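Enquirer: Following this message is one structure expressed as structure tokens.
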Amino acid sequence: MPLLWLSLYFLFGLALAARWPASPVALWAGMTACGVLLAWLEARFVRQPLLLRWRRFARIPFALLLAAVGLGGLRMALARPAFTTADLAFYNDRSEMTLRASIASLPEERASGLRMRVAVTAQVNADSGLTPLTGLALVTLPPGEDWRYGDCLEITARPVTPPEGQTFSYREYLARQGVHSQLAAPQATRLGRSCGSPLLAGIYWLKQRSAAVLDRLYPQPEAALLNGILLGDDSGLPESAQQAFRDTGTAHIVAISGFNIAILAGLIVSLLGRVLPRGSAALG
């Protein structure tokens, strides 16, 4: 029960700080400290009947809930990015820039082209010098090029702030992935390959090979569905199928999740249990 109350008030603090984005960190830190101090004083010295009844019911000092609200607000305030001139997002919605970057994700096919995340490392100055610059950006490049994870690029584009939807905050969705910019009207030139992590490059290669095997073994849209469940890539699913999953509240099935992994693990253990001892099958 104490954990339930603390969690609820922590979430309330998160929501309060989200509604008041200009709130300073010091406010929430002070609220947390005051809540802890008042909770200690309440537990040691206060014998007010109403508070005593509350403590018997919730098993925590009432003032500790104030500390939980402060912690929630502090968590939200600290998570809010503060951009400097060394961050790409600082230059959002200004002029066009020439950037050095590397592709940081697998390119995804979209109607408008190939969409991918790029990790910016520097800005190219007018004298061809480089100024260090960091940040992840979402970019859509024209199809027809063999773009791969780890490609080193020089991109000329205008950084813009991701848009806000009426029913869905695309900006917050990208921010949770560390992406705070989109590159509008990009012109990209490949400078080289293998600028990314060799480990991630190997993982992405295995993912692409697995997708190719599924596409070869199964017809569509079954192959696209398996790609979504096993590999987390639902881009091949027809829009009608995606809408059907959304309408029936089963869109979570087409994603890598603990539930899906548990089902696969159960199937593997069941299959191995037919040929191996039970202990060995569980380890497999």
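Numbering (my numbering), first residue to last: 1 to 284. Here a beta-carbon is modelled for each residue, glycine too, at the ideal position from N, C-alpha and C. In this text the structure is predicted, and so the values were computed from the model without any measurement.
Buried or exposed, going by whether 16 or more other CB atoms sit within 10 Å of the CB of asparagine 125?
Expert: Counted from its first residue, the sequence shown places residue 125 at position 125. Label assigned to asparagine 125: exposed.
Enquirer: Kindly list the residues whose CB is nearer than 6 Å to the CB of leucine 9, restricted to its own chain and excluding five residues on each side of it in sequence; keep chain order.
Expert: By one-based count along the sequence shown, residue 9 stands at place 9. Residue identity check: residue 9 is tyrosine in the sequence provided, not leucine. Once the five neighbours on either side are set aside, the close Cβ partners of tyrosine 9 are Leu65, Ala68 and Val69.
Enquirer: Can you list, in chain order, the residues of its chain whose CB lies under 7 Å from that of aspartate 93, leaving out five sequence neighbours each side?
Expert: As a first step, residue 93 is located in the sequence shown; it is residue number 93 there, counting from the start. Val160 and Thr161.
Enquirer: For serine 112, collect the residues of the same chain with a Cβ closer than 6 Å to its Cβ; drop the 5 residues on either side in sequence, then sort them by chain order.
Expert: If you number the sequence shown from 1, residue 112 lands on position 112. Listed in chain order, the non-local C-beta contacts of serine 112 below 6 Å within the same chain comprise Thr140, local neighbours out to five positions each way being set aside.
Enquirer: How big is the Cα-Cα spacing for glutamine 187 and phenylalanine 90?
Expert: Stepping through the sequence shown from its first residue, residue 187 is reached at position 187. Stepping through the sequence shown from its first residue, residue 90 is reached at position 90. Whole-angstrom Cα-Cα distance: 21 Å.
Enquirer: Between which two residues does the beta strand (DSSP E) carrying alanine 185 extend?
Expert: Counting from 1 along the sequence shown, the entry for residue 185 is found at position 185. 179–192 is the extent of the beta strand (DSSP E) around alanine 185.
Enquirer: If you draw a straight line from the alpha carbon of glutamate 154 to that of leucine 183, how long is it in whole angstroms?
Expert: By one-based count along the sequence shown, residue 154 stands at place 154. By one-based count along the sequence shown, residue 183 stands at place 183. So the alpha carbons of these two residues sit roughly 12 Å apart.
Enquirer: Within 10 Å of its beta-carbon, does tyrosine 173 have 16 or more other beta-carbons around it, so buried, or fewer, so exposed?
Expert: Here residue 173 corresponds to residue number 173 of the sequence shown, with the count starting at 1. That one is exposed.
Enquirer: Count the CB pairs spanning the segment 213–222 and the segment 195–203 that are closer than 8 Å, and state whether there are at least three.
Expert: No contact exists between the segment 213–222 and the segment 195–203.
Enquirer: In whole angstroms, what is the alpha-carbon distance linking threonine 15 and glycine 135?
Expert: Stepping through the sequence shown from its first residue, residue 15 is reached at position 15. Stepping through the sequence shown from its first residue, residue 135 is reached at position 135. Note that residue 15 is alanine in the sequence shown here, rather than threonine. Cα to Cα, alanine 15 sits roughly 27 Å from glycine 135.
Enquirer: With 16 as the cutoff for other CB atoms within 10 Å, does serine 181 come out buried or exposed?
Expert: Translated into the one-based positions of the sequence shown, residue 181 becomes position 181. By the neighbour-count rule (16 or more Cβ atoms within 10 Å), serine 181 is buried.
Enquirer: Considering only residues of the same chain and omitting the five flanking positions on each side of proline 107, which have a CB-CB separation below 6 Å?
Expert: Position 107 of the sequence shown, counting from 1, holds the residue named residue 107. Closer than 6 Å at Cβ, skipping near neighbours: Leu114, Met116 and Trp147.
Enquirer: Could you tell me which residues DSSP puts in a beta bridge with alanine 119?
Expert: For the purposes of this step, residue 119 is taken as residue 119 along the sequence shown, with counting starting at 1. In DSSP, alanine 119 forms a bridge with Ser102 and Leu136.
Enquirer: Tell me whether glutamate 42 sits in a helix, a strand or coil according to DSSP, three-state version.
Expert: Numbered from 1 along the sequence shown, position 42 holds the residue referred to as residue 42. In the displayed model, glutamate 42 falls within a helix according to three-state DSSP.
Enquirer: Starting from leucine 153 and walking both ways along the beta strand (DSSP E), at which residues does that stretch end?
Expert: Within the sequence shown, numbered from 1, the residue matching residue 153 stands at position 153. 152–160 is the span of the beta strand (DSSP E), which, as asked, contains leucine 153.
Enquirer: In three-state terms, what does DSSP make of glutamate 239?
Expert: Against the sequence shown, residue 239 aligns to sequence position 239. DSSP places glutamate 239 within a helical segment (H, G or I) once states are collapsed to three.
Enquirer: Less than 6 Å between C-beta atoms, sequence neighbours within five positions excluded: which residues of the same chain meet that for lysine 207?
Expert: Along the sequence shown, read from residue 1 onward, the residue named residue 207 stands at position 207. Closer than 6 Å at the Cβ level, and outside the excluded window around lysine 207, lie Leu231.
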